[in-house]
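I have placed the structure first, in the form of structure tokens, so that the comments after it can refer back to it.
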Amino acid sequence: MDVLLQLDGNILLWIQEHVRNAVLTPVMTFITHLGDAGWTWIALAIVFLLVKKMRRTGVLMTCSLLGSLIVNNLILKNLVARTRPYEAVDGLQRIIEAQRDLSFPSGHTGSSFAAAVVIFLTCPGKIGVPALILAFLIMFSRLYVGVHYPTDVLAGMITGTLIAVLVCRVYQKKHRKVLES
-9 MDVLLQLDGN ILLWIQEHVR NAVLTPVMTF ITHLGDAGWT WIALAIVFLL
41 VKKMRRTGVL MTCSLLGSLI VNNLILKNLV ARTRPYEAVD GLQRIIEAQR
91 DLSFPSGHTG SSFAAAVVIF LTCPGKIGVP ALILAFLIMF SRLYVGVHYP
141 TDVLAGMITG TLIAVLVCRV YQKKHRKVLE S
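For the sequence shown, counting from 1, position 101 maps to 91 in the numbering used here; every step adds exactly one.
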């Protein structure tokens, strides 16, 4: 476990030293704030709910976002209780405000993948692929700004994806039963 923690910290320090720069920093700061409280994904879910042809996607996104909130932010963060990397890794400097909650898993990443995977699974590729790209950018931005460990964002990506797939499968199973009745 110590080796994993050391690797996590070393990756963040490498990003800080070799990737951060004056051009990319404002872009990554903007991207990371797109994930704040899931607002971007909530807004997209509302848009989908308002468009009749996209309503199913909006409903599934809403369910996935709620699932991510419960699993990642209410259960896992409190169960694991991991401190933020800028509080534990010597030399790491965050470039956004201090975060109010715990580190593991990344809620930004979890909600991004919970929503983006639903969009990817239920919409045409011209909508689904950009949603996944945005989710990956938000995930990387959390490392770039120094507020999450790599294992935090990896866990958020996995839980968000699993929640989205589960929500879509449950919907499909229930929908099939209704059609068969």
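For glycine and all other residues, C-beta sits at the position ideal for the given N, C-alpha and C.
query, result
"T73 in three-state terms, based on DSSP", "coil"
"Cβ shell of E7 (< 6 Å), same chain only, five flanking positions each side left out", "none"
"Where N0 falls: helix, strand or coil (DSSP)", "helix"
"Residue from V160, L144, L111 whose Cα sits closest to the Cα of L127", "L144"
"Reference L82, options P120, G(-1), L56, closest by Cα", "G(-1)"
"Local conformation of Q83 per DSSP, three classes", "coil"
"Residue nearest to P95 in terms of C-alpha spacing, selected from V61, E77, A121, A105", "V61"
"R132 beta carbon less than 8 Å from that of T22", "yes"
"Burial state of T99, where buried means 16 or more other Cβ atoms lie within 10 Å", "buried"
"Status (buried if at least 16 other CB within 10 Å, exposed otherwise) for F38", "buried"
"Residue closest to P140, alpha-carbon to alpha-carbon, out of P75, I32, T19", "P75"
"Contact check, V119 vs C53, beta carbons under 8 Å", "no"
"Reference V17, options M51, A104, K43, I85, closest by Cα", "I85"
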